[in-house]
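Working notes for the structure below.
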Amino acid sequence: MFETWEVLPYALYLTASISALRAFQAYVPSLQNRPMRILYSKAPSAETSALAARQFGSWNLLVMVVQINAGNNIHHSGAYNVALWSFAIQVVHFLFERIACGTVGGRERGLLAAEILAFIGFLWMMVQRESYVDAGGEIYNLNSLWHPYEGQGFAPGPH
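Going by the numbering used here, the first residue of the sequence shown is number 150, and it counts up by one from there.
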């Protein structure tokens, strides 16, 4: 029953819209530090400056583009892998901030939601990869990024 449902693209669109909202908040001066202070509640205020907020917004815009691209091209291994690894980077980042830096902690709802979404997104994409990606693509195969026309019956350039 669930094999025919392609829910993952819609989940990627949802997380992309959350990223867009966070980016908007990071670029509007009156809202600038709000998303960062929710996620990084234990960080000194010097670390949550306007510059840091804009960098946070830029990261969220990049994640939004990656996830929309993956949602639109869910069966392409290159797009799928980039989205998968963007979730992996988020998981590692939050773990590093929690364990090594100590800038996040406790059970703040914004942080837990971000950590849980990143972790679920990463696991879901790892487990469901074979259901979405065309046959023959390995998870570490970057060949599709370097040679996108290979195997399609044509190649760019002179023959």
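Where a beta carbon is used, it is the ideal one built from N, C-alpha and C, also for glycine.
Inter-segment contact for the segment 203-223 and the segment 169-182 is present: three or more beta-carbon pairs are separated by less than 8 angstroms. For residue 217, the uninterrupted alpha helix (DSSP H) segment begins and ends at 199-221.
In the structure shown, residue 241 falls within a helical segment according to DSSP collapsed to helix, strand and coil. Shortest Cα-Cα distance from residue 264 to any of 159, 241, 234 involves 241.
Residue 171: member of the alpha helix (DSSP H) spanning 157-176, first to last residue. If you check the CB distance, residue 229 and residue 237 do not come in under 8 angstroms. With a 10 Å radius around the Cβ and a threshold of 16 neighbouring Cβ atoms, residue 200 comes out exposed. Ranked by Cα distance from residue 160, the first of 179, 202, 273 is 273. The beta-carbon separation of residue 162 and residue 217, rounded to 7 angstroms, stays under the 8 angstroms limit for a contact. Restricting attention to 198, 266, 227, the CA atom closest to the CA of residue 166 is found in 266.
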